[in-house]
Amino acid sequence: MASNALSLFSSGCGWLWHEPTSPPPSLFTSSKLPSLATTRRLAPVFTTSTATSVLSDNAYTKAKKEEVEAKEQPINGALEDGDDQVSFNQFFQQSKDLLRSDDQFSSGTASGPPRWFSPVDCGAPTTSHDSPLLFFLPGIDGTGLGLVRHHQKLAKHFQVSCLHIPPKDRTPFTDLVKLVERTIRSEHHASPGRPIYLVGESLGACLALSVAALNPDIDLVLILANPATSFSRSPLQAVLPLLRFLPDTPILSLPHILSAVTGAMVAGLEKGVGALQLPQTVEKLSRETVAQSISNLSVLADILPRETLLWKLQMISSASSYVNSRLHAVKAQTVILASGRDPLLPSREEGHRLCGLLATCQIRTFDDCGHFLFLEDAFDLLTAIKNVGFYRRSKERDFVSDYIPPSPSEVKGIMDKNRWVNLVMNPVMLSTLADGKIVRGFAGIPKEGPVLYVGYHMLLGFEIVPLVTQLLEQNNIHLRGIAHPMMFLKWKDESLPDSFYDDFRLMGAVPVSGKNFFKLLSTKSHVLLYPGGVREALHRKGEAYKLFWPERSEFVRMAARFGAKIVPFGAVGEDDIGDLFLDYEDQMKIPFLKKFIEDLTAETAKVRSTVDGETGNQAVHLPGIVPKFPGRFYYKFGKPIETAGRKQALRDREKAHDLYLEVQSEVEKCLAYLLKKRESDPYRNLAARLQYQAIHGFTSEVPSFDLD
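Here you go:
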């Protein structure tokens, strides 16, 4: 290893330091800081290797296999799901080892300057050479180990480096800003087309915002957990005057942090008790907390001795004021991750405040999480990045090449969340074999891509959930949907939260465009297309099962270009959910609803602005539906239509249009078949299905009508 890097391994955990090779400029007054040349040495930490393809049709299978292997052969330091305490214990253990390593940088009574390190406890590096850089900026602890639960996952898609601020370091906040600023400017100069991610926690979030405000010309992506910009409203304010007079003991290091870690709230301090009541509070804390984790308290005392804690709290106070005066200058793409049970900061309220002030910002709230969000088992940073659609490797996001397939655990989460739909609607899935025979299940669906699924959009798109989840669960087919741009917008109207479409984005939906369509087919994906779009999904009274397809036949010619199989399909069952009583025409007669529709439509892109008539009417509204006793969903996939070898022939617009009409006709035939056959289904009613399952078991497949 190079002489300017110190590798430290302990208990299966390790770091690669970026140590200065020459004296730094005199810009920083408190201590020596690393030269920028050392921060360029991120690549050796994550050696270049062939990037895992996220585009192949078996990407999910590969991810599932990797996850299984990881469980069978856990890497040192890996965590088992469902154990938050393991997360905190691992954090404290690695912090202990990290603080011990500070001695190797010590000079006199100092414990070394702030410096970058790269975690090497992530297993074999799989990062591509063009993966974006991710810099973690720590909270009040300063260790830089806040992402200890996430290192392995992040290392597959980012080049990760973390800032470590030793406990005895007294670098002012503005100098830390300059340190990070110099680092990102150096990286930006080396790779100007690659985004730089700043992940900041609490104090680190203030640091990230400050750097972004000073560097609007650099492509930064900010991921901020419980920003300390709300410190003026924090219960920690009550601790500041007490710290000047309290002895330096583990019990008094930071009661609020201890309470957040252990879940034992120190009610007295939160209410701002006086010094006379403090001994009783400390005694209670000793009984309930120290007995649980004496070793962790000892490490915490080393991380945040009284003088350091006082310095850090004063720094947070000045940092909060510093960044709040500069929020107007922040242009970076930002997501706020706010905990609902943060005892240290009013994080939920602050997240919404920041979203209202920042130019490009989204918020995600985690109701059951505390202040140390990154150490919570209920939180996954990579999943959060996927949900908001923030992962990209260049200035503009490529919805195909930048897409990261869902992990098996993410798929399970989506399945569990939507399992009630499959249970209640108990969908009947039919497909058509090459000889025209109709069979139950997906036997007639092509396994190999590219495959284009072209179908009918039921009211509000209710058919999507069973379609996508069952194809993946039963046939291992990951369906990528061509979606309306509204799924990718930041909504001004808070009645529709930003997280509303997270699952669709996580499963790989892409905005409708010829470019995205081309890329999906070129990567042999299974693509879902609804030519009727919003006009079909938000149809009016009396328009159920009526197609609203445009006259153009472009998707046929695109499919032929790649030899894709076209699978026409129909889905029936929307009127088994409820009755449409307030449609578009009705709402446009009510002034306040008319205004709402106009504003909502203006906020979304008009996909078919050049298409005349009803087909081009993509007005966005929320139809009024009266729920009723649920019926059943039915799907029929027609015989796959081959386009391989017809590329030249289908360049002729007339022949392409003939095939387009054939697909349209097949979809209509599928709908007609289902509408007729469902009338003979003895288990169309929910009560009949429940009775059947009560007798035969709730995991048994409920029969339907006889097939022709």
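Going by this note's numbering, the letters in the sequence shown line up with residues 1 to 708, in that order. Ideal Cβ positions, reconstructed from N, Cα and C, are used throughout, including at glycine.
Once the 5 residues before and after residue 399 are set aside, which same chain residues still bring their CB inside 6 Å of it?
Here the question's residue 399 lines up with position 399 in the sequence shown. Closer than 6 Å at Cβ, skipping near neighbours: 510, 516.
Entirely enclosed alpha helix (DSSP H) segments - the stretch 520-566, minimum 4 residues
Within the stretch 520-566, the runs of alpha helix (DSSP H) that reach at least 4 residues and sit entirely inside it are, in chain order, 533-537, 554-561.
Per DSSP, what kind of secondary structure is residue 648 in: helix, strand or coil?
What you label residue 648 is simply residue 648 of the sequence shown in a count that begins at 1. Correct three-state label for residue 648: coil.
Just to confirm before moving on: does the CB-CB distance between residue 224 and residue 385 stay below 8 Å?
Looking up residue 224 in the sequence shown gives position 224. Looking up residue 385 in the sequence shown gives position 385. No, the Cβ-Cβ distance between residue 224 and residue 385 is not below 8 Å.
Own chain, CB closer than 6 Å to residue 130, minus 5 neighbours either side, in chain order
Taking the sequence shown and counting its residues from 1, one reaches residue 130 at position 130. For residue 130, where only same-chain residues beyond five positions count, the Cβ hits under 6 Å are 393.
For residue 414 and residue 506, which I take to be in contact (beta-carbon distance under 8 Å), what is that distance rounded to the nearest angstrom?
Locating residue 414 in the sequence shown gives position 414, counting from the first residue. Locating residue 506 in the sequence shown gives position 506, counting from the first residue. About 7 Å separates the two Cβ atoms, so the contact holds.
Within 8 Å, do at least three Cβ pairs link the stretch 586-602 to the stretch 675-685?
no
Rounding to the nearest angstrom, what Cα-Cα distance links residue 341 and residue 500 in this structure?
As a working note, residue 341 is residue 341 in the sequence shown. As a working note, residue 500 is residue 500 in the sequence shown. Going by the C-alpha atoms only, they are around 22 Å apart.
Beta-carbon within less than 8 Å of residue 314's beta-carbon, same chain only, minus the 5 sequence neighbours each way: which residues are those?
Taking the first residue of the sequence shown as 1, we reach residue 314 at position 314. These residues qualify, in order along the chain: 240.
Would the stretch 294-309 count as touching the stretch 164-171 if we require 3 or more Cβ pairs under 8 Å?
Contact between the stretch 294-309 and the stretch 164-171 is present, with at least three C-beta pairs closer than 8 Å.
Beta-carbon contacts of residue 324 that lie in its chain and below 7 Å, excluding the five residues immediately before and after:
Counted from its first residue, the sequence shown places residue 324 at position 324. Once the five neighbours on either side are set aside, the close Cβ partners of residue 324 are 229.
Quick one, are the C-beta atoms of residue 92 and residue 411 less than 8 Å apart?
Residue 92 sits at position 92 when you count from the first residue of the sequence shown. Residue 411 sits at position 411 when you count from the first residue of the sequence shown. Against a cut-off of 8 Å, the Cβ pair of residue 411 and residue 92 comes out as no contact.
Can you tell me where the beta strand (DSSP E) holding residue 480 begins and where it ends?
Along the sequence shown, read from residue 1 onward, the residue named residue 480 stands at position 480. Looking at the DSSP string, the run of the beta strand (DSSP E) that includes residue 480 is 479-483.
What are the residues that DSSP puts in a beta bridge with residue 702?
As a first step, residue 702 must be located in the sequence shown, where it is residue number 702. Beta-bridge partners assigned by DSSP to residue 702: none are found.
Below 8 Å between beta carbons: does that hold for residue 119 and residue 162?
As a working mapping, residue 119 is identified with position 119 in the sequence shown. As a working mapping, residue 162 is identified with position 162 in the sequence shown. If you check the CB distance, residue 119 and residue 162 come in under 8 Å.
How many whole angstroms separate the CB atoms of residue 376 and residue 227, which I take to be in contact at a CB cut-off of 8 Å?
Here residue 376 is taken as the residue at index 376 of the sequence shown, counted from 1. Here residue 227 is taken as the residue at index 227 of the sequence shown, counted from 1. Actually they are not in contact, since the Cβ atoms of residue 376 and residue 227 sit about 17 Å apart, beyond 8 Å.
Can you say whether residue 205 is buried or exposed, counting buried as having 16 or more other CB atoms within 10 angstroms of its CB?
Counted from its first residue, the sequence shown places residue 205 at position 205. Looking at its Cβ environment, which holds 16 or more other Cβ atoms inside 10 Å, residue 205 is buried.
Do you know whose CA, among 556, 532, 185, 321, lies nearest residue 546's CA?
Residue 546 sits at position 546 when you count from the first residue of the sequence shown. Checking every option, the nearest Cα to that of residue 546 belongs to 532.
Between residue 620 and residue 486, what straight-line distance do the alpha-carbon atoms span, to the nearest angstrom?
In the sequence shown, the residue the question calls residue 620 occupies position 620. In the sequence shown, the residue the question calls residue 486 occupies position 486. One C-alpha to the other measures close to 9 Å.
If you draw a straight line from the alpha carbon of residue 715 to that of residue 707, how long is it in whole angstroms?
Here the chain covers residues 1 to 708 and nothing more, so residue 715 does not appear.
Counting C-beta neighbours from all protein chains within 10 Å, is the total for residue 190 16 or more, i.e. buried, or is it exposed?
In the sequence shown, the residue the question calls residue 190 occupies position 190. Counting Cβ neighbours within 10 Å, residue 190 comes out exposed, since fewer than 16 surround it.
Is the distance from the Cβ of residue 160 to the Cβ of residue 94 below 8 Å?
What you label residue 160 is simply residue 160 of the sequence shown in a count that begins at 1. What you label residue 94 is simply residue 94 of the sequence shown in a count that begins at 1. The answer is no: Cβ separation not under 8 Å.
So residue 161 is in the beta strand (DSSP E); what residue range does that whole segment cover?
Counting from one through the sequence shown, the residue named residue 161 turns up at place 161. Per DSSP, residue 161 belongs to the beta strand (DSSP E) from 159-164.
Taking only three categories from DSSP, how would you classify residue 432?
The count along the sequence shown starts at 1 and reaches residue 432 at position 432. Residue 432 falls in the strand class under three-state DSSP.
Straight-line CA distance for residue 51 to residue 408?
On the sequence shown, residue 51 is found 51 positions in, with the first residue counted as 1. On the sequence shown, residue 408 is found 408 positions in, with the first residue counted as 1. Confidence at residue 51 is low in this model, with a pLDDT of 29, below 50, so its placement is unreliable and no value can be given for it.
For the alpha helix (DSSP H) containing residue 152, name the first residue and the last one.
Locating residue 152 in the sequence shown gives position 152, counting from the first residue. Residues 151-154.
Figure out for me which residue from 645, 379, 636, 578 has the closest Cα to the Cα of residue 561.
By one-based count along the sequence shown, residue 561 stands at place 561. With distances taken between Cα atoms, residue 561 lies closest to 645.
Go ahead and label residue 699 buried or exposed: buried means 16 or more other beta carbons lie within 10 angstroms of its beta carbon, across all protein chains shown.
Counting from one through the sequence shown, the residue named residue 699 turns up at place 699. That one is exposed.
Taking only the alpha-carbon atoms, compute the straight-line gap between residue 709 and residue 141 and give it to the nearest angstrom.
Outside the displayed span of the chain (1 to 708) sits residue 709, for which this structure offers no information.
Can you give me the C-alpha to C-alpha distance between residue 666 and residue 568, rounded to a whole angstrom?
As a working mapping, residue 666 is identified with position 666 in the sequence shown. As a working mapping, residue 568 is identified with position 568 in the sequence shown. Taking the straight line joining both Cα atoms gives about 6 Å.
Simplified DSSP state of residue 140, which is helix, strand or coil:
Your numbering for residue 140 matches position 140 in the sequence shown. Three-state result, residue 140: coil.
Kindly indicate the opening and closing residues of the beta strand (DSSP E) around residue 400.
Here residue 400 corresponds to residue number 400 of the sequence shown, with the count starting at 1. Note, residue 400: premise wrong, no beta strand (DSSP E); not H, not E.
Euclidean distance between Cα positions of residue 219 and residue 405:
Mapped onto the sequence shown, residue 219 falls at position 219. Mapped onto the sequence shown, residue 405 falls at position 405. Computed Cα separation, rounded: 24 Å.
How would you write the range of the alpha helix (DSSP H) that residue 234 sits in, first residue to last?
Indexing the sequence shown from 1 puts residue 234 at position 234. Premise fails: residue 234 is in no alpha helix (DSSP H) and is neither H nor E.
Tell me which residues share the same chain as residue 650 and place their Cβ nearer than 6 Å to its Cβ, disregarding the 5 neighbours each side in the sequence.
For the purposes of this step, residue 650 is taken as residue 650 along the sequence shown, with counting starting at 1. Cβ neighbours of residue 650 within its own chain (closer than 6 Å, five residues either side excluded): 557, 560, 656.
From 514, 208, 683, pick the residue whose C-alpha is nearest to that of residue 332; which is it?
Counted from its first residue, the sequence shown places residue 332 at position 332. Out of 514, 208, 683, 208 has the C-alpha closest to the C-alpha of residue 332.
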